[in-house]
Structure formats: structure tokens, C-alpha cells
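Take 16 as the starting number for the sequence shown in the numbering used here and just add one per residue. Glycine included, every Cβ here is placed at the ideal spot set by N, Cα and C. So the structure is just underneath, and the comments pick up after that.
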Amino acid sequence: MQYKKIKDILNGQLTGNIITCAGWVRTRRDSKAGFSFIELNDGSCLKNLQIITDSQTEYNKNSIKDITTGSAVWVTGMCEKSPGQGQACEIKAQKIFLLGSAGSDYPLQKKNHTLEFLREITHLRTRTNTFSSIARIRNLLAFEIHQYFQNKGFLYLQTPIITASDCEGAGAMFRVSSLPFGSDYSVQNDFFGQEAFLTVSGQLEAETWACALGQVYTFGPAFRAENSNTPRHLAEFWMLEPEMAFYELEDNMNLAEDLVKTLCRAVLAGAPDEIAFFTERYDKTLFESLNKISMPFCRISYTEAINILEKADENFEFKPGWGTELHTEHEKYLTAHTAGPVIVFDFPASVKPFYMRCSEDGKTVRAMDVLLPRIGEIIGGSQREERLEILLARMQECGINTEHYRWYTDLRRYGTVPHSGFGLGFERLVQFITGMQNIRDVIPFPRHPGRAGF
């Protein structure tokens, strides 16, 4: 059966036509005059469509009483201009076909539910306004990411999920094995004949394509086996990682800033109802902060950032000092101090991975972090080390087996070029754009310590 989406019905273009729509019942209200008013939603937009029934409406089941909150229905009726405020039109139902009923034990009855409760019913929470709005914004952002890079001539690369390399060198990786658990495990007898893991990043593989094709990007899942139960961390998340040949650090920062601005503009233009909803429900400053992204990002060196933090009249949990990592509390302070997004660059080599280009001062590397208000770091990147001898020395310094990564160092042996790239945490971007406080609420099925359901 052909049916119209509610978002297309509500634009008012179908008024005066008999149409069919379908969706899930949010609420039903009965009047003493014999009319019933159904709020129907199909996920295509935030707003519900009002369905009006009367004594002439036909049902495939017993009566209107069978149509309860959570039920799925097909409705055929006349699309009429709505006399009330709030929507352009409504449907005067001629026929209602009950597809699937929902009993009184349906968890999403008409009342407010906490986010903690909704995390326990991940399979149903997308039927709420909050999580359907997040789903549409994720979809819009993913589309805009692909469009942004395709318009710039980048090639889309699908990097492997199973890998033998550790891009970050942190060691917090999920091991992949086809053998049963037991003390007699031998890697030689395993499926690949060597240790294999779920990827933490597609960067190293993406560099191989960038050093042949110029500009590429990868956009897919990444995995970290960190035993972290914070509102900022997931064991499985999505990463956008562009890699560009012939880009130096300044080019890298320019691209990252332009990307974030473009994505924020796209959401403001493409999901105004959702942004208004999140501003009203979760963060009154959200709309204002998204509009501020259009201003130039403040750029400061790591050394300048540490000076600002050391002078701050704040009782930081982690005392800032040159040579220490920037923690979330530091990142949020810097964005508050500058009243907007910040790009911090030129970090100490000791706090960054081996592949970042060493600076002339011998102490720092050509790294950058993009910090956003409320969130902190959303992008981490660098100019990559293209000089073979310096890269080999850094790998040895970090305790990395250079022979294991010979394929990676080959890029420096044969036609090496300056190149750069970065990684953007997709869920943190969604957090920033929606104002959600917990990263577990912006991914469809969150994975974290102790939780891998669904």
C-alpha cells in the first residue's frame, strides 16, 4: 500500500486529497461527542499528525478502543486544513487498519521518562521525541559529511575493521580470535596466524591511499577496550578520518575548522525543529552556541594554553603544567576563556603518538586538537612525520617494532610527501549539536563496560 510520510503531509500541499498514512500512536483522546483524536508519528519528523475519528470511521478490528498508545496503524482519510494552531492540516479518518496493538505494559506510556530508564529499553527509545530527533540529526550529519568531502574531490575509503596495527599505541584493543578460550591458546593456530584486533583507527591505512590518491577519508566504527564509565567514552563509536597528501599543519587546521562550521550550518538549516526541541528541553544556550560556530576559531599553541591554565583561578583536579596532557576540565576552561571554539597546536612529543611530525624545537610535534564549548576535544590530528629516519627514531623511542610497520614506513621510502590528517569523533559532534550530556544517548546501541546488549 502506498502511503505518505507525515513530514510531507504537514507541509500542507496535500490538503483536499484523500491520502493514506501510517505510523505509531503517541496518544489517543476521546470526546463525549463521539470524536477521538489520535496523535500519530512515523519518525519522518518531530511533529505528530492529528487523526480525527467519528462514528463513520471504519476499523478492521472492534473499535477505536483497540487503538492504544504504541499501536501501529494505517489510516486513510481526507487531509483537511486544521482549524487549530500548531499544524497546517489533519486527517479526518475514513478507515483505520490496526497493524499491531500495544498493551498496557507498553513501556512508553504518555509520561516523562528519564534518560536512565530509556537506556534500559534501547530497542524502543527511538520512538520518543528525544531519540527520534537524535536519529534524524545523525542521519543528516552523516549525509553532510559525505557530501562535504565528495564536493572537495576526496575519495571514500573503507578501512579494515580487523587489523594488526595499533595506531594510538595505547594497547587498549579488543582481541579477535576464532579459537575457544583456554590456557592452551597459541596465536600460530589462530585464524590469521598472528595477533588481530578490532581497529582503534583507520588512519595508518588511510595514509597509504592518501600517498597515492591525494585526498581520502574514512568514516566508520572504531573500538577502544578502555574500562571507562564516563559520559564521554564508548567502547564502540564512529570516527571520521580524512588524510591529505601535500597538506601541512595550517592546511589541516583550516580544513577541520571549515568542516565543523559547515556541519553546524547544515543542521541549523536542515533540522530546525529538532534544534528548537533540544534547545527547549536540554540546553537553553544550544541555538546560540551553534550560531557562534560561524565565528573564527581561536588558535593557540599548547604552551600558550598551559600559561592560561596556570594563571587560572580554578581548582583543577589535574594540575596543568608543560608536558602534561590536557584533560577535559582544561579543555572546557579554554573554550570558556576564549568564549568559543579553540584549536590548540604544537603539543609536547611525549604526550602524542609516534607518527606526528617533529618540530624544529626538538620538543614538540605538529599536532592539533579542536575544542568545542561544553564538549572539549572533538578533533585530534597532526601533520604526519614524512622523514624516514626521524620516524624510525620516534618508533624506537616509543618501543614500536619497526619491522612490524614496514608497510607504513615504506610510504617514506618511496616518494615521501608532507601529509596531514585528523580524526573527528562523530558521537561527540552529535553531543555538541544536540546538547546531550551523555554520549550513550547519541549512538543507537551504546557499548561500554558491562554492556553489549542488542
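For residue i, the residue or residues it bridges with in DSSP
i, result
"residue 363", "379"
"residue 236", "253"
"residue 95", "105"
"residue 395", "384, 438"
"residue 39", "56, 87"
"residue 327", "For residue 327, which the question treats as bridged, DSSP gives no partner whatsoever."
"residue 260", "434"
"residue 19", "36"
"residue 171", "232"
"residue 111", "74, 90"
"residue 190", "212"
"residue 30", "Its beta-bridge partners do not exist; DSSP assigns none."
"residue 466", "463"
"residue 371", "399"
"residue 358", "314, 385"
"residue 176", "Its beta-bridge partners do not exist; DSSP assigns none."
Residue i versus residue j - alpha carbon distance
i, j, result
"residue 339", "residue 147", "40 Å"
"residue 461", "residue 249", "7 Å"
"residue 363", "residue 382", "9 Å"
"residue 306", "residue 384", "21 Å"
"residue 347", "residue 195", "45 Å"
"residue 59", "residue 208", "48 Å"
"residue 162", "residue 433", "26 Å"
"residue 193", "residue 175", "17 Å"
"residue 235", "residue 253", "5 Å"
"residue 155", "residue 38", "21 Å"
"residue 117", "residue 139", "12 Å"
"residue 191", "residue 210", "8 Å"
"residue 65", "residue 280", "31 Å"
"residue 304", "residue 314", "18 Å"
"residue 341", "residue 431", "32 Å"
"residue 311", "residue 376", "28 Å"
"residue 228", "residue 401", "16 Å"
"residue 98", "residue 105", "9 Å"
"residue 72", "residue 243", "55 Å"
"residue 387", "residue 214", "26 Å"
"residue 181", "residue 226", "20 Å"
"residue 317", "residue 343", "15 Å"
"residue 35", "residue 289", "25 Å"
"residue 189", "residue 212", "5 Å"
"residue 398", "residue 372", "6 Å"
"residue 19", "residue 102", "16 Å"
"residue 40", "residue 444", "31 Å"
"residue 246", "residue 334", "22 Å"
"residue 262", "residue 463", "36 Å"
"residue 427", "residue 330", "45 Å"
"residue 414", "residue 222", "21 Å"
"residue 240", "residue 95", "55 Å"
"residue 350", "residue 441", "20 Å"
"residue 28", "residue 206", "58 Å"
Bounding residues of the beta strand (DSSP E) (the contiguous stretch that carries residue i)
i, result
"residue 68", "64 to 68"
"residue 435", "434 to 440"
"residue 413", "Note, residue 413: premise wrong, no beta strand (DSSP E); not H, not E."
"residue 316", "313 to 316"
Nearest-angstrom Cβ-Cβ length linking residue i and residue j, presumed shorter than 8 Å
i, j, result
"residue 142", "residue 286", "The Cβ separation is near 18 Å, so there is no contact."
"residue 436", "residue 203", "No, residue 436 and residue 203 are not in contact; Cβ-Cβ is about 35 Å, not under 8 Å."
"residue 69", "residue 50", "5 Å"
"residue 264", "residue 360", "6 Å"
"residue 33", "residue 91", "7 Å"
"residue 172", "residue 224", "5 Å"
"residue 293", "residue 129", "That pair is no contact at about 17 Å."
"residue 126", "residue 84", "At roughly 10 Å, the Cβ-Cβ gap does not stay under 8 Å, so residue 126 and residue 84 are not in contact."
"residue 271", "residue 394", "5 Å"
"residue 232", "residue 158", "Rounded, the Cβ-Cβ distance is 14 Å, inconsistent with contact."
"residue 424", "residue 407", "7 Å"
Bounding residues of the alpha helix (DSSP H) (the contiguous stretch that carries residue i)
i, result
"residue 148", "144 to 166"
"residue 282", "264 to 285"
"residue 228", "218 to 228"
"residue 426", "421 to 428"
"residue 47", "Element bounds for residue 47: n/a, residue is neither H nor E."
"residue 303", "301 to 307"
"residue 125", "Where residue 125 is concerned, there is no enclosing alpha helix (DSSP H), given that its DSSP letter is neither H nor E."
"residue 130", "130 to 134"
"residue 349", "343 to 353"
Cβ-heavy atom distance, residue i to the ligand GDP, below 7 Å
i, result
"residue 436", "In the structure shown, the ligand GDP is absent, as is every other ligand, since no ligand is present at all."
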